[in-house]
Amino acid sequence: MTAGSGQGKSSGFSLLEVLVATTLMGLVLVVLLQVLTSAMRSQEAAWRHTQAVLLAEKILEENCLINTLKAGTYRGREGRYEYVVRISPQNEWSHSLVRRRILCSLIQVTVIWQERGAQKTLELQTMRTRSETGA
């Protein structure tokens with residue numbers, strides 16, 4: 401064996417291999433960060449949408465409990481959400497023999513909020529029927 405016979409083989413990584421591996425790891429990390437950021441934004445948007453649905457359901461339920469169901473438009477605000485309630489009569493039936501009037505009204509609740517510079521809206525609606533004794 402000569403003194404220079406084992407010097408041609410190296411047991412470590414070359415500089416080029418280290419640079420390629422580092423670049424690949426950097427790209428993978430950037431992609432992962434973008435995916436995580438996108439997931440967090442989606443989760444935040446879903447949470448806000450869920451809050452808007454819960455608010456709309458609450459307001460709809462409150463307005464369904466009102467006995468008069470007087471036609472009109474009402475506005476309000478709760479936290480970051482604004483809402484508009486529209487009550488509009490749809491049909492009315494009366495029967496002279498039983499002296500009863502059946503009233504049917506449409507109740508619409510629109511919730512509005514700002515999200516990332518854009519205005520978002522959600523609308524729920526239901527029909528409410530009530531009976532009145534005629535005079």
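Take the sequence shown: its position 76, counted from the start at 1, is 476 in the numbering used here, and no numbers get skipped. A virtual CB, placed ideally from N, CA and C, is assigned to each residue, including glycine.
- Comparing C-alpha distances from G517 to each of I507, A445, G412 shows the shortest one belongs to A445.
- If one requires a minimum length of 3 residues, the beta strand (DSSP E) runs lying completely within the region 478 to 534 are 481 to 495, 500 to 515, 518 to 533, in chain order.
- In this structure, I507 lies away from R475, with their beta-carbon atoms at least 7 Å apart.
- Sequence-distant Cβ neighbours of Q525 in its own chain, meaning closer than 6 Å and more than five residues away, are Q508.
- Between W513 and R480 the beta-carbon gap is near 6 Å, inside 8 Å, which marks them as a contact.
- Contact check for A452 against L503 fails: the beta carbons are separated by 7 Å or more.
- The alpha carbon of H449 has as its nearest neighbour, out of E532, T510, S531, R530, the alpha carbon of T510.
- In the DSSP assignment, G426 is bridged to no other residue.
- By the neighbour-count criterion, in which 16 or more other beta carbons inside 10 Å mark a residue as buried, A471 falls on the exposed side.
- Excluding the 5 residues flanking it on each side, Q490 has same chain C-beta neighbours closer than 8 Å at C504, S505, L506, M527, in chain order.
- Burial state of L469 is buried, judged by a 10 Å Cβ sphere holding 16 or more other Cβ atoms.
- Per DSSP, reduced to three states, the secondary structure at T473 is strand.
- In this structure, the beta-carbon distance from L455 to E478 falls below 7 Å.
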